[in-house]
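Residue numbers (the working numbering): 4 to 133.
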């Protein structure tokens with residue numbers, strides 16, 4: 004068996020005023036084969052201060068299934084611009100499969116007065132299960 008081909012799918016989330024939720028952003032699997040999510044990460048464009056009351060939440064879904072989230076609270080800690088932060092996958096098996104033509108969505112919502120944050124959510128996916 005040959006080594007699996009890996010692909011990176013990126014979703015840019017923009018800066019919105021603190022407390023302003025953004026509509027979902029999408030990326031589609033345009034490959035001619037199913038992809039298997041290996042990891043998801045967030046790379047912020049600017050520093051984000053952790054706060055338990057006023058924070059941002061990134062939610063990643065494949066179809067209707069949430070596969071990962073990140074909250075900018077004290078448990079997460081401050082985010083440093085340009086640093087790659089792994090999101091813990093909360094799904095497994097078939098729920099991590101991205102079918103041909105299927106969309107992956109990323110939403111950014113806020114709690115309290117929120118936190119201004121922008122950056123790139125990146126998916127590492129393979130054409131074979133690792």
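The beta-carbon is built from N, C-alpha and C at its ideal position, and this holds for glycine as well.
Beta-carbon separation (whole angstroms), residue i vs residue j, contact threshold 8 Å
| i | j | result |
| --- | --- | --- |
| residue 127 | residue 29 | Contact doesn't hold; Cβ gap of about 18 Å is too wide. |
| residue 45 | residue 119 | Contact flag wrong, Cβ pair sits at about 14 Å. |
| residue 63 | residue 109 | 6 Å |
CB of residue i within 8 Å of CB of residue j, strictly
| i | j | result |
| --- | --- | --- |
| residue 72 | residue 60 | yes |
| residue 12 | residue 130 | no |
| residue 66 | residue 105 | yes |
| residue 92 | residue 14 | no |
| residue 74 | residue 57 | no |
Backbone CA spacing between residue i and residue j [nearest angstrom]
| i | j | result |
| --- | --- | --- |
| residue 69 | residue 33 | 21 Å |
| residue 122 | residue 36 | 28 Å |
| residue 100 | residue 49 | 31 Å |
Residue i beta carbon near the ligand SAM (any heavy atom closer than 7 Å)
| i | result |
| --- | --- |
| residue 87 | Ligands displayed in this structure: none; no statement on the ligand SAM is therefore possible. |
Residue i, buried or exposed, once every other Cβ within 10 Å from all chains shown has been counted against 16
| i | result |
| --- | --- |
| residue 117 | buried |
| residue 103 | exposed |
| residue 26 | exposed |
is_contact[residue i, chain C] using C-beta, thresh 8 Å
| i | result |
| --- | --- |
| residue 82 | In the structure shown, chain C does not exist; there is a single protein chain. |
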